[in-house]
Amino acid sequence: MDKVVDTPAAAVADIADGSSIAVGGFGVVGVPEFLIRAIQEQGAKDLEVISNNAGVDGRGLGLLLADNRLRRIIASYVGENKEFARQYLSGELEVELTPQGTLAEKLRAGGAGIPAFYTITGAGTQIAEGGMPWKYDTEGNVVKESPAKETKVFDTFGEEEEYVLEKSLAPDYALVRAAVGDRHGNLVFNSSARNFNPPAAQSARTTIAEVEKLVEPGEIDPDDVHIPGIFVHRVVPLTAEQVADKPIEKRTVREA
-18 MDKVVDTPAA AVADIADGSS IAVGGFGVVG VPEFLIRAIQ EQGAKDLEVI
32 SNNAGVDGRG LGLLLADNRL RRIIASYVGE NKEFARQYLS GELEVELTPQ
82 GTLAEKLRAG GAGIPAFYTI TGAGTQIAEG GMPWKYDTEG NVVKESPAKE
132 TKVFDTFGEE EEYVLEKSLA PDYALVRAAV GDRHGNLVFN SSARNFNPPA
182 AQSARTTIAE VEKLVEPGEI DPDDVHIPGI FVHRVVPLTA EQVADKPIEK
232 RTVREA
């Protein structure tokens, strides 16, 4: 039951080329920075990443982007990263943009064993009709676009509306960051770090969590657990120095 692994490097050692990986975090909050850095050092490439956003230049997934280690990204928000934009528009990176709530549910449903679900989000748009550019060539021509999705009309609350069938996501691995975790893998997330870390942790065949504070089993009140240990396979405790390494996405000051 003790799932603690001493180092990020040991935790990600078996991630192979071509793996699919869900990565938690919201902006720069709750990003598993040290697991990502360990993958950078480990050398895995041609990765498919599922994440709310694509990191920022020089941090998080931005590190793997800079090394051209990502083949494909499924994401909701891709601003704040110039290298991402460059690779996408130059044909080096395939991108599947997905509505934010739909992305979270695709991960959660994958973890719950639900292969697909209907949602009203995206009905009547290119999300349902297809034609969104997934990949460009070096000349800026679209060489791969999203396919049309199955739709169905449901009578909801006395009104017929069109819904879109979305397939769930069940990647090979998930990397998440928790504020507190115990040796059995029970995790607690802090504030907005709870947005995408829990569904990412639920979704994968192997979930690896870096934790800011490691406690013994029983120290976390069961009512406070956000993700139970059944979903988590490896726990990596961070050092005090690593915990303190937290960026500010945008520094702003007010006028005097």
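Residue numbers (my numbering): -18 to 237. C-beta: ideal position from N, C-alpha, C; glycine also.
Please report the straight-line C-alpha distance between residue i and residue j, rounded to a whole angstrom.
| i | j | result |
| --- | --- | --- |
| residue 123 | residue 73 | 12 Å |
| residue 30 | residue 233 | 30 Å |
| residue 47 | residue 24 | 13 Å |
| residue 81 | residue 90 | 14 Å |
| residue 174 | residue 10 | 6 Å |
| residue 229 | residue 137 | 43 Å |
| residue 62 | residue 99 | 31 Å |
| residue 145 | residue 200 | 43 Å |
| residue 114 | residue 51 | 18 Å |
| residue 215 | residue 153 | 14 Å |
| residue 202 | residue 161 | 11 Å |
| residue 45 | residue 129 | 30 Å |
| residue 94 | residue 236 | 52 Å |
| residue 131 | residue 28 | 28 Å |
| residue 148 | residue 181 | 15 Å |
| residue 92 | residue 53 | 21 Å |
| residue 133 | residue 75 | 28 Å |
| residue 96 | residue 150 | 8 Å |
| residue 60 | residue 12 | 16 Å |
| residue 57 | residue 77 | 8 Å |
| residue 8 | residue 21 | 20 Å |
| residue 212 | residue 120 | 44 Å |
Helix, strand or coil for residue i per DSSP?
| i | result |
| --- | --- |
| residue 145 | strand |
| residue 227 | coil |
| residue 114 | strand |
| residue 61 | coil |
| residue 205 | helix |
| residue -12 | coil |
| residue 20 | helix |
| residue 194 | strand |
| residue 171 | coil |
| residue 70 | helix |
| residue 108 | helix |
| residue 211 | helix |
| residue 0 | coil |
| residue 164 | coil |
| residue 49 | coil |
| residue 77 | strand |
| residue 178 | helix |
| residue 26 | coil |
| residue 90 | helix |
| residue 120 | coil |
Using the beta-carbon count (16 or more within 10 Å), is residue i buried or exposed?
| i | result |
| --- | --- |
| residue 226 | exposed |
| residue 205 | exposed |
| residue -8 | buried |
| residue 111 | exposed |
| residue 14 | buried |
| residue 71 | exposed |
| residue 101 | exposed |
| residue -1 | exposed |
| residue 79 | buried |
| residue 126 | exposed |
| residue 210 | buried |
| residue -11 | buried |
| residue 177 | buried |
| residue 198 | exposed |
On the premise that residue j lies in contact with residue i, defined as a C-beta separation below 8 Å, what is that separation, rounded to the nearest angstrom?
| i | j | result |
| --- | --- | --- |
| residue 84 | residue 33 | 7 Å |
| residue 217 | residue 16 | 7 Å |
Taking only heavy atoms of the ligand MG into account, decide whether any of them is closer than 7 Å to the Cβ of residue i.
| i | result |
| --- | --- |
| residue 75 | You won't find the ligand MG in this model; it holds no ligand whatsoever. |
Quiz item: Between the region 128 to 143 and the region 151 to 165, do three or more beta carbon pairs fall short of 8 Å?
Solution: no
Quiz prompt | the region 100 to 117 touching the region 160 to 176, judged by at least three CB pairs closer than 8 Å | solution = no
Practice problem: Flag this pair as touching only if the region 181 to 197 and the region -15 to 5 have three or more C-beta atom pairs under 8 Å; answer yes or no. | Solution: yes
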